[in-house]
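Quick note: the sequence shown uses UniProt numbering, first residue 1, plus one each step. Each residue gets a CB set at the ideal place from its N, CA and C atoms; glycine is no exception.
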Amino acid sequence: MARYDCVDSIISKVFYTYGKFVSRHKLPFLLVPLLVIFLSMGGLYRFTINDDVEYLFTPADSRSRNDLKVMTDHYLSGKEGEEFLPNRELDVFIRRGRVIISALDEGNVMRKEIFKEILKLDEHLTNFGVDGTTNKYSTLCMKWGGQCVDNAWLNSFRVSLENYDILINATYPFATFGHHTFLIGPALAGVVTDPETEIIKEASAVRLVYTLSTGSPEREEIASNWEDIFEEEVEGYQKKCKHIRISRSTSHSLSREAAEASFHVIPRFAATFCMMILFAVFSCIMRDWVLSKPWLGFLGVLSASFAIFTTVGIMSFAQVEFNEIVALMPFLVLGVGVDNMFIMISAWRHLSLFLTVEERMGRTFSEAAVSITITNLTDVLAFVIGSTIKLPGIRIFCAYAGVAMIFVYIYQITFFAACMAYMGDREANNLHCYTCKKVLPREESPNKFYEIFCAGGMSKNTQKAVPLEHQITKFFRLIYGPFIIKPAVKIIVIIGYLIYIGGAIYGCTQITQGLELKSIARDESPAWIYYSIEDEYFTKYGPSVSVVFRGPIMYWEETTQEALEKTLQAFERSDFIFSDKRLTVSWLRDFKHQNMGSSSQIEKELFLEKLTKFFENPRFAQYTLDLDLERDENGTVVDIVSSRFLVSTRDLSNTTRQGDMMLKMRELAEKSSFDVTVYGPGFLIYDQYIGVLPNTLQTLGIAMACMFAVAIVMIPHPICAVFVTLCVISIDTAVIGYMSLWHIPLDPISMLNIILCIGFSVDFSAHITYAFVIAPVEDPNLRSASALHNLGMPILQGALSTVIAISVLSTAPVYIFRIFFKTLFLVMVFGAMHGLVVLPVFLSYLGNWMPHKQDQRDKRFLSHSRRVVRELSDRGTVYKGVPVCKDSTDAELYVVELFVSTV
Numbered sequence: 001m002a003r004y005d006c007v008d009s010i011i012s013k014v015f016y017t018y019g020k021f022v023s024r025h026k027l028p029f030l031l032v033p034l035l036v037i038f039l040s041m042g043g044l045y046r047f048t049i050n051d052d053v054e055y056l057f058t059p060a061d062s063r064s065r066n067d068l069k070v071m072t073d074h075y076l077s078g079k080e081g082e083e084f085l086p087n088r089e090l091d092v093f094i095r096r097g098r099v100i101i102s103a104l105d106e107g108n109v110m111r112k113e114i115f116k117e118i119l120k121l122d123e124h125l126t127n128f129g130v131d132g133t134t135n136k137y138s139t140l141c142m143k144w145g146g147q148c149v150d151n152a153w154l155n156s157f158r159v160s161l162e163n164y165d166i167l168i169n170a171t172y173p174f175a176t177f178g179h180h181t182f183l184i185g186p187a188l189a190g191v192v193t194d195p196e197t198e199i200i201k202e203a204s205a206v207r208l209v210y211t212l213s214t215g216s217p218e219r220e221e222i223a224s225n226w227e228d229i230f231e232e233e234v235e236g237y238q239k240k241c242k243h244i245r246i247s248r249s250t251s252h253s254l255s256r257e258a259a260e261a262s263f264h265v266i267p268r269f270a271a272t273f274c275m276m277i278l279f280a281v282f283s284c285i286m287r288d289w290v291l292s293k294p295w296l297g298f299l300g301v302l303s304a305s306f307a308i309f310t311t312v313g314i315m316s317f318a319q320v321e322f323n324e325i326v327a328l329m330p331f332l333v334l335g336v337g338v339d340n341m342f343i344m345i346s347a348w349r350h351l352s353l354f355l356t357v358e359e360r361m362g363r364t365f366s367e368a369a370v371s372i373t374i375t376n377l378t379d380v381l382a383f384v385i386g387s388t389i390k391l392p393g394i395r396i397f398c399a400y401a402g403v404a405m406i407f408v409y410i411y412q413i414t415f416f417a418a419c420m421a422y423m424g425d426r427e428a429n430n431l432h433c434y435t436c437k438k439v440l441p442r443e444e445s446p447n448k449f450y451e452i453f454c455a456g457g458m459s460k461n462t463q464k465a466v467p468l469e470h471q472i473t474k475f476f477r478l479i480y481g482p483f484i485i486k487p488a489v490k491i492i493v494i495i496g497y498l499i500y501i502g503g504a505i506y507g508c509t510q511i512t513q514g515l516e517l518k519s520i521a522r523d524e525s526p527a528w529i530y531y532s533i534e535d536e537y538f539t540k541y542g543p544s545v546s547v548v549f550r551g552p553i554m555y556w557e558e559t560t561q562e563a564l565e566k567t568l569q570a571f572e573r574s575d576f577i578f579s580d581k582r583l584t585v586s587w588l589r590d591f592k593h594q595n596m597g598s599s600s601q602i603e604k605e606l607f608l609e610k611l612t613k614f615f616e617n618p619r620f621a622q623y624t625l626d627l628d629l630e631r632d633e634n635g636t637v638v639d640i641v642s643s644r645f646l647v648s649t650r651d652l653s654n655t656t657r658q659g660d661m662m663l664k665m666r667e668l669a670e671k672s673s674f675d676v677t678v679y680g681p682g683f684l685i686y687d688q689y690i691g692v693l694p695n696t697l698q699t700l701g702i703a704m705a706c707m708f709a710v711a712i713v714m715i716p717h718p719i720c721a722v723f724v725t726l727c728v729i730s731i732d733t734a735v736i737g738y739m740s741l742w743h744i745p746l747d748p749i750s751m752l753n754i755i756l757c758i759g760f761s762v763d764f765s766a767h768i769t770y771a772f773v774i775a776p777v778e779d780p781n782l783r784s785a786s787a788l789h790n791l792g793m794p795i796l797q798g799a800l801s802t803v804i805a806i807s808v809l810s811t812a813p814v815y816i817f818r819i820f821f822k823t824l825f826l827v828m829v830f831g832a833m834h835g836l837v838v839l840p841v842f843l844s845y846l847g848n849w850m851p852h853k854q855d856q857r858d859k860r861f862l863s864h865s866r867r868v869v870r871e872l873s874d875r876g877t878v879y880k881g882v883p884v885c886k887d888s889t890d891a892e893l894y895v896v897e898l899f900v901s902t903v
């Protein structure tokens with residue numbers, strides 16, 4: 001057999017020496033990590049939370065950000081403090097307050113008593129002051145022509161409610177009140193009209209918007225204070241209402257929710273910490289009071305917790321801001337961080353009690369070193385790969401989690417190793433696990449009460465042997481291992497696997513994409529309620545999209561005008577845009593209608609002169625916002641640098657349609673013969689929707705390649721790397737498919753878990769595959785059983801520990817936390833299923849391609865183990881089925897135990 005175990009052998013030898021060194025110098029390895037933790041906690045004085053939703057949940061360096069730069073270079077964004085119109089805003093989180101009003105009886109809002117309360121609410125919201133000053137909405141609002149432009153259609157009813165009969169005769173979506181025609185489509189939802197007259201018969205909700213104008217730090221602060229008071233005033237006014245229900249939102253409602261969500265998980269983390277301690281303690285308890293290690297289980301959880309606090313301190317000191325997603329990191333690290341503890345304890349339990357503590361520490365680290373190193377390396381690598389994702393919130397999470405996993409590893413081989421050595425000394429001295437008092441072995445117990453509550457350990461003076469196995473380990477050796485390798489069982493497993501993978505592939509075809517804004521907020525919070533209602537009822541009339549023509553364009557030529565009109569009509573014919581020309585804002589159409597008559601061909605100078613006069617008409621003054629004009633030193637217009645047209649989107653009922661709309665707009669822009677840029681205020685959010693799937697596939701590809709490289713280097717046979725990689729692909733496919741069937745969309749949070757799934761999938765498959773390769777038998781069936789015997793319990797413990805750690809998130813009032821639980825739960829279930837069921841069966845069929853690898857030290861022992869057995873066979877004592885005697889040396893007993901375990 002070719003040797004593939006160079007790295008494995010080196011790591012095993014290094015850790016063998018290291019484990020013995022730790023055993024000899026326990027105190028420094030115990031105290032130095034505590035000093036590091038204490039020093040790192042000093043960084044918490046710089047702890048800050050980033051609650052900028054737009055920054056955290058929109059892709060960095062996305063096309064939308066570049067397009068926004070183009071827009072702001074040519075046009076006002078609405079933040080400059082000048083006169084402006086809301087339909088031309090560029091920022092989705094512009095300063096504003098919004099309310100959605102529905103009837104308490106869930107009926108028609110087009111009733112006089114309801115409109116009476118709506119008008120009083122509007123009056124109240126436009127007249128409260130900020131911090132006792134005269135700063136009211138009328139002084140802070142976004143203005144055009146010196147007048148607040150929001151909710152202008154309500155002006156007809158502010159004077160007298162007697163005008164209500166006008167509203168009764170209003171048509172939809174355009175309504176004429178007096179001499180003015182208003183677009184009321186975006187303001188009403190659930191509208192039912194007369195099919196012949198288009199007169200509104202009923203509506204389910206009304207939306208009012210109060211947009212503020214900023215432009216300076218002082219006005220920005222005043223606007224922020226107005227928003228805070230706005231929410232308080234709406235909440236207070238709701239208590240006075242008899243007929244209406246009010247939902248509210250402001251520009252920073254989601255940011256506040258994101259910040260508060262980080263604190264809402266603190267009680268849940270405390271509960272998780274307690275549950276993990278209980279699980280670890282009970283997992284380390286045996287019937288033997290000396291061999292039980294409850295305190296070691298507690299210290300293993302404490303070690304993982306130390307990694308969390310160290311990470312937060314160091315990252316805070318480095319001014320890497322905390323955020324809502326990072327609040328998930330402690331649950332993940334606590335669940336995954338204790339896995340290595342179970343691997344090390346399992347390796348310790350498989351060694352003879354007659355070995356010295358120093359020797360057991362060396363062999364424990366030697367046997368567990370590769371598994372521990374692989375799992376931590378793959379986990380950290382998954383986070384490093386995840387940090388390349390363009391979403392800043394995910395990048396920051398991966399940075400925190402990656403650093404935490406590094407410290408988990410460091411504390412595992414230092415602090416926890418020292419604790420294990422101390423516990424080994426206790427065990428060697430036959431001290432009780434709780435009282436630390438020396439006790440008698442069970443076979444030397446003076447009475448039954450003492451045997452039940454006090455006895456433990458092994459006596460070197462007795463001729464009887466005490467079983468060393470944990471009951472779950474014995475279950476895997478005696479029951480589950482032999483069961484899973486039965487031919488009939490293996491066939492059932494393969495059939496079940498094919499059904500499982502078929503369901504996963506079907507689920508992959510049903511996946512949806514995107515993180516809705518309401519998902520950032522707590523369930524039933526004001527922001528969550530507002531966005532839920534808006535998503536359900538106010539999607540027919542979407543935001544306007546700017547269609548910008550840049551570069552030297554000869555607007556005065558008839559052929560150019562026709563080409564521009566043709567391009568604009570292409571947008572209007574789209575399934576995502578209203579074809580009604582009244583909903584399209586086109587300065588060129590109105591200009592031609594007003595100035596050019598039947599002839600569209602005039603000279604450039606005359607065209608620009610007429611255009612200047614065109615803006616002087618108050619009716620068309622709004623178009624100054626849509627043209628970037630080049631002027632000479634006298635202020636005369638000499639050219640048009642760029643121009644903008646606005647089209648109105650429709651029926652953006654879900655994230656998929658919103659993303660498709662943006663892609664269609666970009667497609668039409670690229671087909672145009674002009675240099676066209678399209679942009680809408682929601683595009684920054686929509687880029688997240690369309691970027692999730694390609695980002696996930698790209699990152700998965702990179703991660704798969706990296707994990708294969710790690711596996712082929714660290715596991716001592718190349719076919720093992722193939723098996724590990726195939727398992728990762730199988731688990732990832734299942735997670736994606738079944739999360740879709742569980743109604744989980746592909747969004748930044750589930751994408752994060754899918755990427756982390758790669759690292760965790762390697763953990764499960766690498767443990768079993770590695771144990772299969774080093775199993776000291778040649779028959780593939782027995783090697784599968786041997787792998788399950790050695791690592792079945794720690795794999796089960798690892799999966800359960802992670803599920804327990806994240807279980808409290810299943811009831812969290814925040815969507816992001818619940819999705820994290822669901823996807824990571826799938827990862828753990830499918831990962832454990834592969835490690836404990838699927839992989840042992842497939843390895844039993846294909847294991848002949850992977851000759852087993854024996855450690856040279858084991859070969860040396862095995863070469864004379866039969867001689868030892870023969871020498872001891874006549875002495876009349878039985879140790880694990882092999883004759884020995886009370887005078888047998890520790891080395892002899894170890895040789896016999898090793899020989900028995902291999903045959």
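Helix, strand or coil for Leu68? Go by DSSP, reduced to three states.
Under the three-state reduction of DSSP output, Leu68 falls in the helix class.
Is the beta carbon of Val678 sitting closer than 7 Å to the one on Met665?
yes
For Gly393, which three-state DSSP category applies?
helix
Residue from Gln698, Glu227, Phe571, Val209 with nearest C-alpha to Thr649:
Out of Gln698, Glu227, Phe571, Val209, Phe571 has the C-alpha closest to the C-alpha of Thr649.
Between the C-alpha atoms of Ser801 and Tyr16, what's the straight-line distance to the nearest angstrom?
27 Å
Under the DSSP definition of a beta bridge, which residues are partnered with Asp639?
Glu630
Glu443 lies in the beta strand (DSSP E); which residues open and close that run?
For Glu443, no beta strand (DSSP E) encloses it, and the DSSP letter there is neither H nor E.
C-beta atoms of Val380 and Gly402 nearer than 7 Å:
yes
Buried or exposed: Trp742, going by 16 or more other Cβ atoms within 10 Å of its Cβ?
It counts as exposed.
Considering only the alpha carbon of each residue, which of Ile499, Lys240, Ala271, Arg349 lies closest to Leu285?
Checking the displayed sequence, the identity of residue 285 turns out to be Ile instead of Leu. Checked all of Ile499, Lys240, Ala271, Arg349; the closest Cα to Ile285 is Arg349.
Secondary structure at His180, three-state DSSP: helix, strand or coil?
strand
Pairwise C-alpha distance: Tyr450 and Cys436:
15 Å
Taking the DSSP output, what are the residues bridged to Leu212?
Its beta-bridge partners are Cys141.
My output table needs one value for Lys20: the three-state DSSP class, helix, strand or coil.
Lys20 sits in a helix when the DSSP states are folded into three classes.
Own chain residues within Cβ distance below 6 Å of Ser253, not counting five before or after
Ala527
Status (buried if at least 16 other CB within 10 Å, exposed otherwise) for Thr378:
buried
Could you pull out every unbroken beta strand (DSSP E) segment of at least 3 residues lying fully inside the segment 290-345, listed in chain order?
none
Can at least three beta-carbon pairs, one atom from the segment 259-269 and one from the segment 112-125, be found at a separation below 8 Å?
No, the segment 259-269 is not in contact with the segment 112-125.
Excluding the 5 residues preceding and the 5 following Thr272 in the sequence, name in chain order all residues of the same chain whose CB lies nearer than 7 Å to its CB.
Phe331, Leu334, Ala805, Val808
Separation of Ser23 from Gln797, as counted between CA atoms:
26 Å
Nearest candidate by alpha-carbon position, reference Lys474, set Gly78, Met41, Ala785
Ala785
Check whether Gly457 and Pro441 have beta carbons under 7 Å apart:
Going by C-beta atoms, Gly457 is nearer than 7 Å to Pro441.
Can you say whether Asn617 is buried or exposed, counting buried as having 16 or more other CB atoms within 10 angstroms of its CB?
It is exposed - the Cβ of Asn617 has fewer than 16 other Cβ atoms within 10 Å.
Is Arg248 buried or exposed, if buried means 16 or more other CB atoms sit within 10 Å of its CB?
By the 10 Å Cβ count, Arg248 comes out buried.
Could you spell out where the alpha helix (DSSP H) holding Gly759 opens and where it closes?
From DSSP, the alpha helix (DSSP H) with Gly759 extends over 748-774.
Please say whether Val692 and Ala261 have beta carbons closer to each other than 7 Å?
no
Residue of Ile511, Val493, Asn753, Met554 minimising C-alpha distance to Gly835
Comparing Cα positions, the closest option is Val493.
Range of the contiguous beta strand (DSSP E) that encloses Thr250
244-250
What is the C-beta distance between Met420 and Asn376, in whole angstroms, given that I count them as a contact (C-beta under 8 Å)?
Actually they do not touch by this definition, with Cβ atoms about 17 Å apart.
Among residues of its own chain, excluding the 5 on either side of residue 919, which ones have a beta-carbon nearer than 7 Å to its beta-carbon?
For residue 919 there is no data in the structure shown, the boundaries of the chain being 1 and 903.
Straight-line Cα distance separating Asn323 from Pro186
Pro186 and Asn323: Cα-Cα distance of roughly 34 Å.
Quick one: grab the DSSP three-state call for Glu892.
Confidence at Glu892 is low in this model, with a pLDDT of 45, below 50, so its placement is unreliable and the value that follows should be read with caution. Helix at Glu892.
Go ahead and label Phe453 buried or exposed: buried means 16 or more other beta carbons lie within 10 angstroms of its beta carbon, across all protein chains shown.
exposed
Check whether the Cβ atoms of Trp556 and Ile505 lie closer than 7 Å to each other.
no
Ordered along the chain, which non-local residues of its own chain (more than five positions away) have a Cβ less than 7 Å from that of Phe620?
Asp590, Phe614
Quick one: Cα of Thr696 to Cα of Val384, how far?
14 Å
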